[in-house]
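Residue numbers (the numbering used here): 806 to 967.
Structure below.
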């Protein structure tokens, strides 16, 4: 499902600034991977207390997202909101909750796992998300954020590898 590249909005780049440069680039690579493998959807970018997250939803509601990208200090998770329902013969999905499962991405080469495309395709089918509204919604929650203490990123990171 190749499609035109969607550059990250400036707010997302700002939200990622506290993270090391490598994690910032990894987060953007996972985002790009998702956008390339799903139909157009609303991207919900959230600066929450425990992570920066990008949810991809046919409705604009995070709760109904088919998948999400969660950025942490040392890795990025590609999560599936209804992941417990997805076929997973090789047990590539992690998590023990009732619904959400994820794959931990530690380096860009992890995106070459063929099962990731299969998980995305299955998640889209389960959500019946063939024709969804596309756009971007940005939310930032106030309060203390759990972020990396000292990012090694270069000042003025607002650049991306796209």
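All C-beta atoms in this analysis are idealised placements derived from N, C-alpha and C, irrespective of residue type, glycine included.
Which residue wins for smallest C-alpha separation from residue 920, given the options 812, 905, 883? Along the chain shown, read from residue 1 onward, the residue named residue 920 stands at position 115. Nearest of 812, 905, 883 to residue 920, Cα basis: 883.
Worksheet item: Which one of 833, 827, 876 has the shortest CA to CA distance from residue 853?
Response: Working through the chain shown from its first residue, we reach residue 853 at position 48. Taking only the C-alpha atoms, the option nearest residue 853 is 876.
Review point. So who's on the other strand from residue 944, going by DSSP bridges?
Key: Position 139 of the chain shown, counted from the start, is the residue given in the question as residue 944. Residue 944 pairs with 851.
Under the three-state DSSP convention, the category residue 906 falls into: Within the chain shown, numbered from 1, the residue matching residue 906 stands at position 101. Here residue 906 sits in strand by DSSP.
Notebook entry, point to check: Quick one: is residue 858 buried, meaning 16 or more other Cβ sit within 10 Å of its Cβ, or exposed?
Noted result: Mapped onto the chain shown, residue 858 falls at position 53. Within 10 angstroms of the beta-carbon of residue 858 lie 16 or more other beta-carbons, which makes it buried.
Exercise. Determine, using beta carbons only, whether residue 861 and residue 871 come nearer to each other than 7 Å.
Key: In the chain shown, counting from the first residue as 1, residue 861 sits at position 56. In the chain shown, counting from the first residue as 1, residue 871 sits at position 66. Yes, the pair counts as a contact, with Cβ atoms nearer than the cut-off.
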